[in-house]
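Take a look at the structure set out below.
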Amino acid sequence: MAEIFKDIPKIVYEGSDRSNELSFKFYDENRMLMGKSMKEHLPFAMAWWHNLSATGADMFGVGTADKRFGCEQAATMEHAYSKVDAGFEFMSKLGIEFYCFHDADLVPEGRDISETNDRLDEISDYIKSKAEQTGIRCLWGTANLFTNPRFMNGAGSSNSADVYCFAAAQIKKALDLTIKLGGNGYVFWGGREGYETLLNTDMKFEIENIAELMQMSVEYARKQGFEGKFFIEPKPKEPMKHQYDFDAATAIGFLRQFNLDKDFMLNIEANHATLAGHTFQHDLRFAAMNGLLGSVDANQGDLLLGWDTDEFPFNVYETTMCMYELLQIGGLRPYGGLNFDAKNRRPSYTYEDMFHAFILGMDSFALGLINAVKLIEDGRIEKFIKDRYSSFYEGIGSKIRTKTTTLEQLSDHAISLGNPTLPDSGKQEYLESIVNSIMFGG
Ligand code: XUL
Ligand code: CO
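Residues are numbered in this note's numbering as their position in the sequence shown, beginning at 1, plus a constant of 495.
Pasting the structure below:
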C-alpha cells in the first residue's frame with residue numbers, strides 16, 4: 496500500500512522551535528499533568544465523515560478538496576478502501592488513537608440494505624485488520640439517518656412505520672459494526688428528529704416513538720454483549736427548525752422520562768451548545784452535574800453565524816473551560832473522548848491543511864488542559880465560588896440546605912432582619928482577570 500500523505504512527516508512535539516511548522520507546539524503526549532499523560536487526558540478522535548469524506552461542497556458550489564486519496568472514482572468500494580488507508584495513515588502520523596463513523600461514511604450505499612450490509616462487512620474486516628496493526632480503534636459509531644430522502648421526516652420521528660424500520664435496520668447494523676470495531680460508545684444525534692410545523696406533526700407521538708427506538712436499540716446491543724454507553728448528542732436546530740434534543744437539559748429530561756438514563760449519557764458538541772444560545776461550558780456543566788457527561792464533539796462555531804460551522808477549535812478560552820469541566824469529572828474514558836467533529840474551511844483544501852487543522856485542534860486542547868490544571872491548582876476561583884454561598888453553611892441557610900425549615904420560618908427570619916443588606920459582590924471582572932493572568936502570566 497503506497498503512502499498517501501507523502502510529504503507529511505510524523506507529527507511530533509517540537510515546542511517553540513519554529514523550524515518545522517508541521518509539529519505540535521503544545522501537545523506533548525508524554526507530558527504528565529495531575530498524574531496522567533496528556534495523551535490520557537486528551538483521547539482525541541478523527542471524524543470519518545469530515546476528514547475522509549467532506550470535500551468542502553456547500554449549497555453554492557462543489558467541493559474544493561480531492562478526497563479520493565489516490566483511487567480513480569469516488570463513491571466506489573475502491574474509494575472506501577483508499578479512505579481506510581488514508582484514515583489510518585493520517586491518524587498514525589498524528590498519534591490519534593480513535594475514530595468515529597457513520598455507516599454511510601464507510602461505504603457507498605448499495606441498491607438495498609443487504610448489499611449495503613455486505614459492503615459494510617467487507618470494509619469493517621479491512622478496518623479491523625488495520626486496527627490490529629496500529630492499535631487505533633473506534634471511539635463511537637452511529638447510523639446516518641438523515642441523508643437518504645426516505646428520512647425527510649426523521650427516522651424515529653418519521654410518520655412512516657416502514658421508514659422507522661429502515662432506521663432500525665441501520666441502527667442494528669451500525670451497532671454490530673461498533674461492537675466489531677471495539678467501540679465503547681454509540682451516538683444518537685437527532686439528524687432530522689424534529690419538525691417544521693405543528694400543523695402536520697404530533698409531537699408527543701414522535702417523541703414516544705424515538706424513545707421506543709432507543710429502548711429497542713439498547714436491548715439489542717446488550718444482547719450482543721455491548722457494555723459501552725449510548726450517547727445523545729443535543730442540537731437545537733439544523734436541519735430541522737425544531738430538533739427534539741434541543742440542549743443538554745432537554746435531552747436529560749427526555750432520558751429520565753423514558754428511563755434511558757442508565758444506558759445513555761450525553762455527547763456535547765461545542766457548536767451545538769452555542770446554537771442553543773448557551774456557552775459550550777454551560778452544556779458541559781449541565782451534563783456533568785447530572786452525572787451524564789459522556790463524550791465531547793470538539794469543534795467551535797462562529798457566533799456571527801446561525802448555523803453549525805464545525806470549525807476546528809482555536810478559541811483557547813473555550814478549550815480551557817472545557818478541560819476545566821472534564822478534569823473535575825476525571826475525564827471521559829472509558830466511554831467517550833474528544834472527537835474532532837470539525838472540517839477545514841473550504842479554501843483550505845490541501846492534504847497539508849488537513850494536518851494543520853488537527854495540529855491546531857490538538858494544540859488548542861493541550862493549551863486548554865495546561866490552563867485548566869493551573870486554574871485548579873491555583874484554587875482561587877473554586878474558593879471564590881465556595882465562599883460565595885457561605886450564608887448557606889450556617890444558621891437559616893444551613894436549615895434550607897438540610898431541608899429542616901419551613902416557609903413560615905423563612906418569612907419570620909426575613910421580617911426579623913428589617914432591611915437586609917445586599918449579597919456580596921459577584922466580582923466577575925476580578926475573576927476574569929485571574930483567568931487571564933493564569934493563561935498569559937502576570
Ligand atoms: C451534526 C453532527 C453529527 C453527529 C454525528 O451536526 O454533529 O455529525 O456528530 O451524527
Ligand atoms: Co457532532
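Note that the Cβ used here is the ideal one computed from N, Cα and C, for glycine as well. Since we're looking at a predicted model, the values are computed, not measured.
| query | result |
| --- | --- |
| Considering only heavy atoms of the ligand CO, list every residue whose Cβ is less than 5 Å from one of them, following chain order. | Glu764, Asp792, Asp836 |
| Where does Gly863 sit, in a helix, a strand or coil, going by DSSP? | helix |
| Restricting to Cα atoms, I'd like to know which of Thr637, Ile854, Arg687 is closest to Thr673. | Thr637 |
| Let me check one thing: in DSSP terms, what residues is Ile727 bridge-paired to? | Phe683, Leu761 |
| Could you give the distance in angstroms between the alpha-carbon of Gly825 and the alpha-carbon of Gly796? | 26 Å |
| Where do the N-terminal and C-terminal ends of the beta strand (DSSP E) with His597 fall, by residue? | 593–597 |
| Looking at Glu728 and the ligand XUL, is the gap between the Cβ and the nearest heavy atom below 7 Å? | yes |
| If you reduce the DSSP assignment to three classes, tell me which class Glu820 lands in. | helix |
| Pick from Lys588, Leu640, Met760: whose alpha carbon is nearest that of Phe853? | Lys588 |
| On a Cα-Cα basis, can you pick out the residue from Gln738, Phe500, Cys566, Ala552 that is closest to Gly651? | Gln738 |
| Confirm the yes/no value for this check: CB of Thr1003, any heavy atom of the ligand XUL, distance under 7 Å. | Residue 1003 is absent from the structure shown; the chain starts at 496 and stops at 937. |
| Exposed or buried, which one is Asp580 when buried takes at least 16 other CB atoms within 10 Å? | buried |
| Return yes when the Cβ of Asn785 is within less than 8 Å of the Cβ of Gly723, no when it is not. | no |
| If you drop the 5 nearest sequence neighbours on each side, which residues of the same chain put their C-beta closer than 7 Å to that of Leu855? | Phe807, Phe809 |
| Any chance the CB of Val658 is under 7 Å from a heavy atom of the ligand XUL? | no |
| At the level of alpha carbons, what is the spacing between Asp805 and Ala549? | 12 Å |
| Along the chain, where does the beta strand (DSSP E) containing Arg883 start, and where does it finish? | Per DSSP, Arg883 belongs to no beta strand (DSSP E); it is in the alpha helix (DSSP H), 875–883. |
| Is Asp598 near the ligand XUL, going by C-beta to nearest heavy atom under 7 Å? | no |
| What does the Cβ neighbour count give for Gln628, buried or exposed, with the cut at 16 atoms within 10 Å? | exposed |
| Taking 8 Å as the limit between beta carbons, can you name the residues of its chain near Arg828, skipping five residues before and five after? | Glu535, Pro538 |
| For Gly530, count the other beta carbons within 10 Å of its own beta carbon; 16 or more makes it buried, fewer makes it exposed. Which is it? | exposed |
| What residues match up with Tyr508 in a beta bridge as DSSP calls it? | Phe519 |
| Under three-state DSSP, which class holds Phe935? | helix |
| Can you tell me whether Leu800 is buried or exposed? The criterion is at least 16 other CB atoms within 10 Å of its CB, across all chains shown. | exposed |
| Using only CA atoms, which one of Lys730, Val507, Glu498 lies nearest to Asp858? | Val507 |
| Quick one, which of Lys838, Asp848, Ile871, Gly921 has its alpha-carbon nearest Asp553's? | Lys838 |
| Could you spell out where the beta strand (DSSP E) holding Cys633 opens and where it closes? | 632–637 |
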